[in-house]
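Structure record follows, encoded as structure tokens.
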Amino acid sequence: MTLTPVLTDKLAEPRLAVAGGFINGKWSSVSSRGKVFRVSNPATGEVLAQIPDLATHATREAIDAAHAAQPGWAALSAKERADLLKKLNRLMVEHADDLATILTLEMGKPFKEARGEILYGASFIEWFAEEARRVYGDTIPGHTANTRITVIKQPVGVVGVITPWNFPNAMLARKLAPALAAGCTVVAKPASETPLSALAIARLMEWAGFPPGVFNVVPGTDAAAIGEELCANPKVRKISFTGSTNVGRVLMRQCADGIKRMSMELGGNAPFIVFDDADLEAAVDGAIASKFRNAGQTCVCANRVYVQAGIHDAFVARLKEKMAQLKVGNGMEEGVDIGPLITGKAVDKVEDLLADAREQGASIEMGGAPTGEMTFYPPTLLTGATRTMRLAREEIFGPVAPVFKFETAQEVIELANATEFGLAAYFFAKDISRVTRVAEALQYGIVGINTGLISTEVAPFGGVKQSGFGREGSKYGIEDYLDIKYLCLAVDEV
Ligand code: ADP
Numbered sequence: 022m023t024l025t026p027v028l029t030d031k032l033a034e035p036r037l038a039v040a041g042g043f044i045n046g047k048w049s050s051v052s053s054r055g056k057v058f059r060v061s062n063p064a065t066g067e068v069l070a071q072i073p074d075l076a077t078h079a080t081r082e083a084i085d086a087a088h089a090a091q092p093g094w095a096a097l098s099a100k101e102r103a104d105l106l107k108k109l110n111r112l113m114v115e116h117a118d119d120l121a122t123i124l125t126l127e128m129g130k131p132f133k134e135a136r137g138e139i140l141y142g143a144s145f146i147e148w149f150a151e152e153a154r155r156v157y158g159d160t161i162p163g164h165t166a167n168t169r170i171t172v173i174k175q176p177v178g179v180v181g182v183i184t185p186w187n188f189p190n191a192m193l194a195r196k197l198a199p200a201l202a203a204g205c206t207v208v209a210k211p212a213s214e215t216p217l218s219a220l221a222i223a224r225l226m227e228w229a230g231f232p233p234g235v236f237n238v239v240p241g242t243d244a245a246a247i248g249e250e251l252c253a254n255p256k257v258r259k260i261s262f263t264g265s266t267n268v269g270r271v272l273m274r275q276c277a278d279g280i281k282r283m284s285m286e287l288g289g290n291a292p293f294i295v296f297d298d299a300d301l302e303a304a305v306d307g308a309i310a311s312k313f314r315n316a317g318q319t320c321v322c323a324n325r326v327y328v329q330a331g332i333h334d335a336f337v338a339r340l341k342e343k344m345a346q347l348k349v350g351n352g353m354e355e356g357v358d359i360g361p362l363i364t365g366k367a368v369d370k371v372e373d374l375l376a377d378a379r380e381q382g383a384s385i386e387m388g389g390a391p392t393g394e395m396t397f398y399p400p401t402l403l404t405g406a407t408r409t410m411r412l413a414r415e416e417i418f419g420p421v422a423p424v425f426k427f428e429t430a431q432e433v434i435e436l437a438n439a440t441e442f443g444l445a446a447y448f449f450a451k452d453i454s455r456v457t458r459v460a461e462a463l464q465y466g467i468v469g470i471n472t473g474l475i476s477t478e479v480a481p482f483g484g485v486k487q488s489g490f491g492r493e494g495s496k497y498g499i500e501d502y503l504d505i506k507y508l509c510l511a512v513d514e515v
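In this note's numbering, each residue's number is its place in the sequence shown (first place is 1) plus 21.
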């Protein structure tokens, strides 16, 4: 296990960088197979760390540790669990700069966005520390004069958590916090592109004093092997996954035998609709925020921009002006808005989608070709997009905004819903009837109305259709980690 100065020299607290698995409160520096993998900076190609490449054996060990720790963790009072989570929240905020540096170095997003992500992740830890103490049950009038019915909620048990590279801190924090608050223990498998952010959280949890085994991290490149063990092992009672719909399907199949509970936060294909009566400036700002955050690599990024005919040309002109101000570069540099795409494969995908759109008659108004340096891709604007283009159906996951022109509300609602996905949708309009009707008609779990920013710990984040099920954040989020039990008590006369 090695950490390079490219990483450690940039940290005020270098111990936040760790290159090992975290199992049962201990750092494991070797894999049983003797293999390691490299984590590198997508902006420069520099190697940041070499990490033991853990797989089935380590996953099993971590599950055993989580299973052994779970009854003791659940037996603590809610306040005791909440106090530890609050400590973790404080440590995350205190070390936000270092955590953001680790995040930017391993995944590329601009430092200011990375810092925002750390505080966003920390806000879930704080929120669920508060919710830990509000896991209320119910009493129900009995069905006969001599019965009393009480409903209690109990932790699901050991939870396997699988997270993606695009929000290496927040996607984990959103699962970890409600799980621990509820009294579950966790085995986490971070994406192999970005394990350092997850390991930094483990380091903070070690410092905060969480008992061994309550949180475990298994970094590794054999995602299928780790995933299979998490899904097949009967000691794991639930899988919480954020990632692609395809992998989500695989995990569901694997969980079928054990009838395991699941939460799934999968792909999206967000429509971003601008009606004629929209506030133009607000709509353009919303589009910039929703489309270009994280270089377009989020599951709630605007994927299809629908603009009504009357405002179309003005919107496109203003969007182009604002897009021209976005600076592409190394996320550690001041003033950068768009970092590199995560891999060369991601660039190829964007290129394929653009080639298809061009062939089908879309016009490239701006950008449209890689910068040629590493995996940087410039902000790209297309007009004349149509529903038969691949980018109307697939997640672009890059800084490409395709604009579709539409005429009527009915038409755009039909277009917006014509996808198997249903995570986030956005629209800009002022007419109150239009706002109400369109919001109700969009088949999505999240609808941003006159805003491009919808993520907060206080609201339930999650999708419908093939974007998944379960909710993260809000009072609903903790329910995903609780089982309902009802107690039916027969009472005699006294
Ligand atoms: P993305 O397109 O965001 O990389 P993926 O679904 O491929 O989405 O990855 C999300 C997470 O799922 C990552 O941690 C990845 O390693 C993991 N993963 C990928 N394939 C599998 C699999 N077969 N079983 C379990 N986890 C997997």
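For every residue, glycine included, the Cβ atom is placed at its ideal position computed from N, Cα and C.
Indicate, with yes or no, if ligand 1 has a heavy atom lying under 7 Å from the CB of Gly484. Residue numbering aside, residue 484 sits at position 463 when the sequence shown is read from its first letter. Not so, every heavy atom of ligand 1 lies at least 7 Å from the Cβ.
Tell me the start and end of each unbroken beta strand (DSSP E) in the segment 205-267 that is at least 3 residues and wholly inside, in chain order. Within the segment 205-267, the complete beta strand (DSSP E) runs of at least 3 residues are 206-210, 236-238, 257-263.
Identify which residue in Leu97, Thr122, Leu112, His78 has its Cα closest to the Cα of Val27. Numbered from its first residue, the sequence shown carries residue 27 at position 6. Minimum Cα distance to Val27 is reached at Thr122.
So for Pro26, helix, strand or coil by DSSP? Here residue 26 is taken as the residue at index 5 of the sequence shown, counted from 1. In the three-state reduction of the DSSP assignment, Pro26 falls in the helix class, which pools H, G and I.
Between Gly178, Thr396, Thr242, Val305, which has its C-alpha nearest Asp501's C-alpha? Residue 501 sits at position 480 when you count from the first residue of the sequence shown. Nearest of Gly178, Thr396, Thr242, Val305 to Asp501, Cα basis: Gly178.
Taking the alpha helix (DSSP H) that Pro512 belongs to, which residues open and close that run? Numbered from its first residue, the sequence shown carries residue 512 at position 491. The question names Pro, yet the displayed sequence has Val at residue 512. Where Val512 is concerned, there is no enclosing alpha helix (DSSP H), given that its DSSP letter is neither H nor E.
Can you tell me the Cα-Cα spacing of Met283 and Val156, whole angstroms? Your numbering for residue 283 matches position 262 in the sequence shown. Your numbering for residue 156 matches position 135 in the sequence shown. The alpha-carbon atoms of Met283 and Val156 are separated by roughly 20 Å.
Mind checking whether the beta-carbon of Thr184 lies closer than 7 Å to any heavy atom of ligand 1? Mapped onto the sequence shown, residue 184 falls at position 163. It does: the Cβ of Thr184 is within 7 Å (strictly closer) of some heavy atom of ligand 1.
For Val180 and Asp504, the rounded distance between their alpha carbons: In the sequence shown, residue 504 corresponds to position 483, counting from 1. In the sequence shown, residue 180 corresponds to position 159, counting from 1. Computed Cα separation, rounded: 13 Å.
Does any heavy atom of ligand 1 sit closer than 7 Å to the C-beta of Val368? Here the question's residue 368 lines up with position 347 in the sequence shown. Outside the cutoff, so no.
Would you call the CB atoms of Asn190 and Ser218 closer than 8 Å? Counted from its first residue, the sequence shown places residue 190 at position 169. Counted from its first residue, the sequence shown places residue 218 at position 197. Against a cut-off of 8 Å, the Cβ pair of Ser218 and Asn190 comes out as a contact.
Flag Val271 as yes when its Cβ comes closer than 7 Å to any non-hydrogen atom of ligand 1, and as no otherwise. In the sequence shown, residue 271 corresponds to position 250, counting from 1. For ligand 1, at least one heavy atom lies less than 7 Å from the Cβ of Val271.
Pair every Cβ in the segment 283-292 with every Cβ in the segment 443-453, then say whether three or more of these pairs are closer than 8 Å. In this structure the segment 283-292 lies against the segment 443-453, because at least three pairs of beta carbons, one per stretch, are closer than 8 Å.
Touch test, the segment 92-103 against the segment 270-288, Cβ-Cβ under 8 Å, three pairs minimum: Of all C-beta pairs linking the segment 92-103 to the segment 270-288, fewer than three are shorter than 8 Å, placing the two stretches out of contact.
Going along the chain, which unbroken runs of the beta strand (DSSP E) with 3 or more residues stay wholly within the segment 269-356? Whole beta strand (DSSP E) segments, 3+ residues: 282-286, 291-295, 323-329.
Can you give me the C-alpha to C-alpha distance between Met128 and Glu428, rounded to a whole angstrom? Within the sequence shown, the letter at position 107 stands for residue 128. Within the sequence shown, the letter at position 407 stands for residue 428. The straight-line gap from Cα to Cα measures roughly 40 Å.
Looking at the secondary structure, which residues open and close the beta strand (DSSP E) in which Val421 lies? What you label residue 421 is simply residue 400 of the sequence shown in a count that begins at 1. Counting along the chain, the beta strand (DSSP E) containing Val421 begins and ends at 421-427.
Measure how close the beta-carbons of Ala378 and Pro423 come, nearest whole angstrom, since I'm counting them as under 8 Å. One-based indexing of the sequence shown puts residue 378 at position 357. One-based indexing of the sequence shown puts residue 423 at position 402. Yes, they are in contact, since the Cβ atoms of Ala378 and Pro423 sit about 7 Å apart, within 8 Å.
Any idea if His164 is buried or exposed, counting beta-carbon neighbours within 10 angstroms, 16 or more meaning buried? Locating residue 164 in the sequence shown gives position 143, counting from the first residue. An exposed status is given to His164, since fewer than 16 other beta-carbon atoms sit within 10 Å of its beta-carbon.
Can you tell me the Cα-Cα spacing of His88 and Ala437, whole angstroms? Residue numbering aside, residue 88 sits at position 67 when the sequence shown is read from its first letter. Residue numbering aside, residue 437 sits at position 416 when the sequence shown is read from its first letter. Taking the straight line joining both Cα atoms gives about 44 Å.
When the distance is taken between beta carbons, is Leu105 closer than 8 Å to Ala253? Residue 253 sits at position 232 when you count from the first residue of the sequence shown. Residue 105 sits at position 84 when you count from the first residue of the sequence shown. Against a cut-off of 8 Å, the Cβ pair of Leu105 and Ala253 comes out as no contact.
Out of curiosity, what's the CA-to-CA distance linking Gly279 and Pro233? By one-based count along the sequence shown, residue 279 stands at place 258. By one-based count along the sequence shown, residue 233 stands at place 212. Distance between the alpha carbons of Gly279 and Pro233 is about 26 Å.
Please state the DSSP three-state secondary structure of Phe149. Residue 149 sits at position 128 when you count from the first residue of the sequence shown. Looking at Phe149 - three-state DSSP - the assignment turns out to be helix.
Should Ala83 go down as buried or exposed, given a rule of 16 or more other Cβ atoms within 10 Å for buried? Locating residue 83 in the sequence shown gives position 62, counting from the first residue. Flag for Ala83 reads buried.
Do Thr206 and Trp94 have their C-beta atoms within less than 8 Å of each other? The sequence position of residue 206 within the sequence shown is 185, counting from 1. The sequence position of residue 94 within the sequence shown is 73, counting from 1. A Cβ-Cβ contact shorter than 8 Å links Thr206 with Trp94.
Beta carbon of Glu152, beta carbon of Ile434: below 8 Å? The sequence position of residue 152 within the sequence shown is 131, counting from 1. The sequence position of residue 434 within the sequence shown is 413, counting from 1. It is not a contact, given that the beta carbons lie outside the stated cut-off.
Short check: CB of Thr401 to CB of Gly382, under 8 Å? On the sequence shown, position 380 is the one that residue 401 refers to. On the sequence shown, position 361 is the one that residue 382 refers to. Gly382 sits away from Thr401, with the two beta carbons spaced by 8 Å or more.
As an exercise, report each continuous beta strand (DSSP E) stretch of at least 3 residues that is fully enclosed by the segment 446-485, in chain order. 467-470, all fully within the segment 446-485.
Is any heavy atom in ligand 1 found nearer than 7 Å to the beta carbon of Lys312? The residue given as residue 312 occupies position 291 in the sequence shown. Outside the cutoff, so no.
With 16 other CB atoms within 10 Å as the buried threshold, where does Gly248 fall? Counting from 1 along the sequence shown, the entry for residue 248 is found at position 227. Classification for Gly248: buried.
Decide yes or no for the touch test of the segment 158-175 against the segment 234-243: beta carbon pairs closer than 8 Å, at least 3 of them. Not touching, per the Cβ criterion.
DSSP state of Glu101 mapped onto helix, strand, coil: Within the sequence shown, numbered from 1, the residue matching residue 101 stands at position 80. The answer is helix: DSSP assigns Glu101 an H, G or I state.
If you measure from the CB of Ser180, is any heavy atom of ligand 1 nearer than 7 Å? Here residue 180 is taken as the residue at index 159 of the sequence shown, counted from 1. Residue identity differs from the one stated: residue 180 is Val in this sequence, not Ser. Result no, Cβ not under 7 Å from ligand 1.
Bounding residues of the beta strand (DSSP E) (the contiguous stretch that carries Ser49): The sequence position of residue 49 within the sequence shown is 28, counting from 1. From DSSP, the beta strand (DSSP E) with Ser49 extends over 47-49.
For Gln464, collect the residues of the same chain with a Cβ closer than 7 Å to its Cβ; drop the 5 residues on either side in sequence, then sort them by chain order. Taking the sequence shown and counting its residues from 1, the one referred to as residue 464 is at position 443. The beta carbon of Gln464 sits closer than 7 Å to those of Asn438, Gly443, Val485, Lys486, all from its chain and outside the five residues before and after it, given in chain order.
So, at 8 Å on beta carbons, what are the nonlocal neighbours of Asp118 in its own chain, with the 5 sequence-adjacent residues on each side left out? Counting from one through the sequence shown, the residue named residue 118 turns up at place 97. If we look at Asp118 and ignore the five residues flanking it on each side, its Cβ neighbours are Ala33, Arg136.
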